[in-house]
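Beneath this line is the structure, given in structure tokens, with notes to follow.
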Amino acid sequence: MYPLRNTKSSTQGDRCVKVLLDAERRGNDRIKQAQTYRVKIVKQAKIDAEIEINAFRKQKDDIIKEKLRQIEHDIELEKILYDRQVDATIKGYDERVAQVKDRVIENLLDLVTNIKPEIHHNFTVRKEINETGTYTRIFDSLHSGRRC
Numbered sequence: 001m002y003p004l005r006n007t008k009s010s011t012q013g014d015r016c017v018k019v020l021l022d023a024e025r026r027g028n029d030r031i032k033q034a035q036t037y038r039v040k041i042v043k044q045a046k047i048d049a050e051i052e053i054n055a056f057r058k059q060k061d062d063i064i065k066e067k068l069r070q071i072e073h074d075i076e077l078e079k080i081l082y083d084r085q086v087d088a089t090i091k092g093y094d095e096r097v098a099q100v101k102d103r104v105i106e107n108l109l110d111l112v113t114n115i116k117p118e119i120h121h122n123f124t125v126r127k128e129i130n131e132t133g134t135y136t137r138i139f140d141s142l143h144s145g146r147r148c
């Protein structure tokens with residue numbers, strides 16, 4: 001059978017085992033604490049990153065909104081400028097119409113009432129071709145000195 005153990009050394013061995021088990025338990029506790037701390041730090045880092053991202057996004061959105069407001073303001077100024085230019089042009093046209101209206105009406109009435117019948121140039125050309133079989137170009141006083 002087994003020899004009897006020395007009680008003194010077995011007590012010392014039990015203490016060593018107990019010390020080792022206690023050290024292992026403390027090591028496991030430290031590992032769990034480190035893991036818990038790591039998880040806590042990672043969660044806090046994610047929260048901090050999300051806060052920073054949202055702040056950055058809000059800052060950029062504010063910048064974009066300000067630029068859009070400025071663009072809309074510039075567009076309104078351009079619209080006002082163009083409206084003024086169009087109004088000035090229309091006013092100029094209205095003034096010109098008022099100046100020449102009577103003269104235009106007189107000219108139209110004159111052209112309608114004072115009829116001066118003339119034979120069209122093409123008719124005389126066609127008539128000459130029909131009569132002679134050819135057409136001779138001559139100086140035409142109707143076309144202000146140009147040859148026809």
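For the sequence shown, position 70 matches number 70 in the UniProt record's numbering, and the numbering has no gaps at all.
Where is the CB? At the ideal position from N, CA and C, for every residue including glycine.
| CB-CB under 8 Å to Ala34, same chain, minus the five flanking residues each way: which ones, in chain order? | none
| How many Å lie between Ile115 and Leu108 at the Cα? | 11 Å
| field | Through-space distance from Ile129 to Thr136, alpha-carbon basis | value | 9 Å
| request: For Val19, count neighbouring C-beta atoms within 10 Å of its own C-beta (all shown protein chains included) and say buried if the count is 16 or more, exposed if not. | output: exposed
| task | Would you kindly work out how many angstroms separate the C-alpha atoms of Ile75 and Ala55, rounded to a whole number? | result | 30 Å
| said: Just to confirm the assignment, what range does the alpha helix (DSSP H) spanning Ile129 have? | reply: 121–132
| request: Could you give the DSSP three-state label for Glu118: helix, strand or coil? | output: coil
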